[in-house]
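Residue numbers (our numbering), protein chains in the order written: chain R, -3 to 111; chain W, 3 to 119. Reading through the structure tokens given below for one structure.
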Amino acid sequence: DGGITQSPKYLFRKEGQNVTLSCEQNLNHDAMYWYRQDPGQGLRLIYYSQIVNDFQKGDIAEGYSVSREKKESFPLTVTSAQKNPTAFYLCASVADRGRINQPQHFGDGTRLSIL
Amino acid sequence: AQSVAQPEDQVNVAEGNPLTVKCTYSVSGNPYLFWYVQYPNRGLQFLLKYITGDNLVKGSYGFEAEFNKSQTSFHLKKPSALVSDSALYFCAVRDITRGSTLGRLYFGRGTQLTVWP
Chain R
-3 DGGITQSPKY
7 LFRKEGQNVT
17 LSCEQNLNHD
27 AMYWYRQDPG
37 QGLRLIYYSQ
47 IVNDFQKGDI
57 AEGYSVSREK
67 KESFPLTVTS
77 AQKNPTAFYL
87 CASVADRGRI
97 NQPQHFGDGT
107 RLSIL
Chain W
3 AQSVAQPEDQ
13 VNVAEGNPLT
23 VKCTYSVSGN
33 PYLFWYVQYP
43 NRGLQFLLKY
53 ITGDNLVKGS
63 YGFEAEFNKS
73 QTSFHLKKPS
83 ALVSDSALYF
93 CAVRDITRGS
103 TLGRLYFGRG
113 TQLTVWP
């Protein structure tokens, strides 16, 4: 079955540590997105990529970094500069950017906590 | 700029009663609107969308949504609620303006629906 796989499901970060969240899709989608979800705040866009080797900052990119070296992979690194990283992180993808009537597909998320 | 508002943080209904989860939007141009559902510790699941056409859109699990252009609303409805419908519901609008943000979604803050037996 096609879908989006996020790993790990739970992740703990120590002070001063960078951690990387994995997102892999086998839907052959061009565009991929990273969202942060906090209780009562909905989903906020961190980074997105519409094509390989290109990505754009979203609304809350500070303290995060991404790469898009392959179409199916869009890892997110939470750096030590992100002072409040505890949240639920969701990855999404959508078909070719010309087909903007298509819904985004979501992974099952990674819950990141501070040790 | 695109934006979505969900005015109710919580909606509580009895099983078997009709339910409505409200959403209003603000867009430049024609709206592309979506509803998603999220169960605890899971990702978002697509329910339905409005692009063009009939104002009443039917989706998954018996849900439907009514698009009202004059009121800029896209309320989610179901004629008879089930306990299993209890979840967090998100309304979203897609950016269809030109430029690098093409295709991104803007989400509401979510509405927690609780259906009691």
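Each residue gets a CB set at the ideal place from its N, CA and C atoms; glycine is no exception.
Self-check item: Listed by chain order, chain W residues near Phe70 (chain R) by CB distance under 8 Å
Solution: If you number the first sequence from 1, residue 70 (chain R) lands on position 74. Within chain W, no residue comes near Phe70 (chain R); the closest Cβ sits about 14 Å away, beyond 8 Å.
Quiz prompt | Minimum Cβ-Cβ distance from Pro81 (chain R) to chain W less than 9 Å | solution = On the first sequence, residue 81 (chain R) is found 85 positions in, with the first residue counted as 1. No, because no Cβ of chain W sits closer than 9 Å to the Cβ of Pro81 (chain R).
Quiz item: Of all the options W:Val15, W:Cys25 and W:Asn32, which has the alpha carbon lying nearest to the alpha carbon of Thr99 (chain W)?
Solution: Here the question's residue 99 (chain W) lines up with position 97 in the second sequence. Checking every option, the nearest Cα to that of Thr99 (chain W) belongs to W:Asn32.
Quiz prompt | Status (buried if at least 16 other CB within 10 Å, exposed otherwise) for Phe8 (chain R) | solution = Taking the first residue of the first sequence as 1, we reach residue 8 (chain R) at position 12. Taking all protein chains in view, the Cβ of Phe8 (chain R) is surrounded by fewer than 16 other Cβ atoms within 10 Å, so the residue is classified as exposed.
Practice problem: Would you mind telling me which residues of chain W sit closer than 7 Å to Ala27 (chain R), beta carbon to beta carbon, in chain order? | Solution: Taking the first residue of the first sequence as position 1, residue 27 (chain R) is located at position 31. Under the 7 Å cutoff, chain W gives Gly105.
Quiz prompt | Terminal residues of the beta strand (DSSP E) in which Leu84 (chain W) lies | solution = As a position in the second sequence, residue 84 (chain W) is number 82, starting the count at 1. Neither: Leu84 (chain W) is in no beta strand (DSSP E) and is coded neither H nor E.
Exercise. Could you tell me which uninterrupted alpha helix (DSSP H) segments, each at least 4 residues in length, are contained entirely in the stretch 8 to 46 of chain W, listed from first to last along the chain?
Key: Whole alpha helix (DSSP H) segments, 4+ residues: zero.
Quiz item: Would Tyr52 (chain W) be called buried (16 or more neighbouring beta carbons within 10 Å of its own) or exposed?
Solution: Position 50 of the second sequence, counting from 1, holds the residue named residue 52 (chain W). Under this definition Tyr52 (chain W) is a buried residue.
Practice problem: Check whether the Cβ of Pro4 (chain R) lies closer than 9 Å to any Cβ atom in chain W. | Solution: On the first sequence, residue 4 (chain R) is found 8 positions in, with the first residue counted as 1. By this cut-off, Pro4 (chain R) is not an interface position.
Quiz item: Quick one, are the C-beta atoms of Arg32 (chain R) and Ala77 (chain R) less than 9 Å apart?
Solution: Start at 1 with the first residue of the first sequence, and residue 32 (chain R) comes out as number 36. Start at 1 with the first residue of the first sequence, and residue 77 (chain R) comes out as number 81. No, the pair does not count as a contact, with Cβ atoms beyond the cut-off.
Quiz item: Would you report the Cα separation of Ala16 (chain W) and Ala89 (chain W), rounded to the nearest angstrom?
Solution: Taking the first residue of the second sequence as position 1, residue 16 (chain W) is located at position 14. Taking the first residue of the second sequence as position 1, residue 89 (chain W) is located at position 87. Looking at the backbone, the Cα of Ala16 (chain W) and that of Ala89 (chain W) are separated by about 14 Å.
Exercise. Show which residues of chain R have a CB atom less than 8 Å away from the CB atom of Tyr27 (chain W).
Key: Locating residue 27 (chain W) in the second sequence gives position 25, where the first residue counts as 1. Counting only Cβ-Cβ distances below 8 Å, Tyr27 (chain W) has no contacts in chain R at all, with the closest Cβ about 14 Å away.
Quiz item: So Lys60 (chain W) is in the beta strand (DSSP E); what residue range does that whole segment cover?
Solution: Residue numbering aside, residue 60 (chain W) sits at position 58 when the second sequence is read from its first letter. First-last of the beta strand (DSSP E) with Lys60 (chain W): Leu58 to Lys60.
Quiz prompt | Contact the stretch 68 to 83 of chain W vs the stretch 20 to 30 of chain W: 3+ CB pairs below 8 Å | solution = yes
Quiz item: Hey, which unbroken runs of the beta strand (DSSP E) at 3 residues or more fall wholly within the stretch 11 to 72 of chain R?
Solution: 15 to 21, 27 to 33, 39 to 47, 50 to 53 and 60 to 62
Quiz item: Can you list, in chain order, the residues of the stretch 55 to 87 of chain W whose Cβ is nearer than 7 Å to any Cβ on chain R?
Solution: none
Exercise. With Gln4 (chain W) as the anchor, note down where its beta strand (DSSP E) starts and where it stops.
Key: Position 2 of the second sequence, counted from the start, is the residue given in the question as residue 4 (chain W). Where Gln4 (chain W) is concerned, there is no enclosing beta strand (DSSP E), given that its DSSP letter is neither H nor E.
Quiz item: Using a beta-carbon distance below 9 Å, is Lys137 (chain W) in contact with chain R?
Solution: The structure shown does not extend to residue 137 (chain W), since chain W spans only 3 to 119, so no value can be given for it.
Practice problem: State the Cα-Cα distance for the pair Phe70 (chain R) and Val29 (chain W), rounded to the nearest angstrom. | Solution: Along the first sequence, read from residue 1 onward, the residue named residue 70 (chain R) stands at position 74. Along the second sequence, read from residue 1 onward, the residue named residue 29 (chain W) stands at position 27. Distance between the alpha carbons of Phe70 (chain R) and Val29 (chain W) is about 29 Å.
Exercise. Grab me the residues of Leu84 (chain W)'s own chain with a C-beta within less than 7 Å of its C-beta, minus the 5 sequence neighbours each way, in chain order.
Key: Position 82 of the second sequence holds residue 84 (chain W). Once the five neighbours on either side are set aside, the close Cβ partners of Leu84 (chain W) are Glu17 and Val117.
Exercise. State buried or exposed for Ser45 (chain R), treating a residue as buried only when at least 16 other CB atoms are found within 10 Å of its CB.
Key: Here residue 45 (chain R) corresponds to residue number 49 of the first sequence, with the count starting at 1. Flag for Ser45 (chain R) reads buried.
Quiz prompt | Straight-line gap, Gly103 (chain R) to Glu11 (chain R) (C-alpha atoms, nearest Å) | solution = As a position in the first sequence, residue 103 (chain R) is number 107, starting the count at 1. As a position in the first sequence, residue 11 (chain R) is number 15, starting the count at 1. Going by the C-alpha atoms only, they are around 27 Å apart.
Self-check item: Exposure label - Tyr6 (chain R); buried when at least 16 CB within 10 Å
Solution: Position 10 of the first sequence, counted from the start, is the residue given in the question as residue 6 (chain R). The residue in question, Tyr6 (chain R), is exposed, as its Cβ has fewer than 16 Cβ neighbours within 10 Å.
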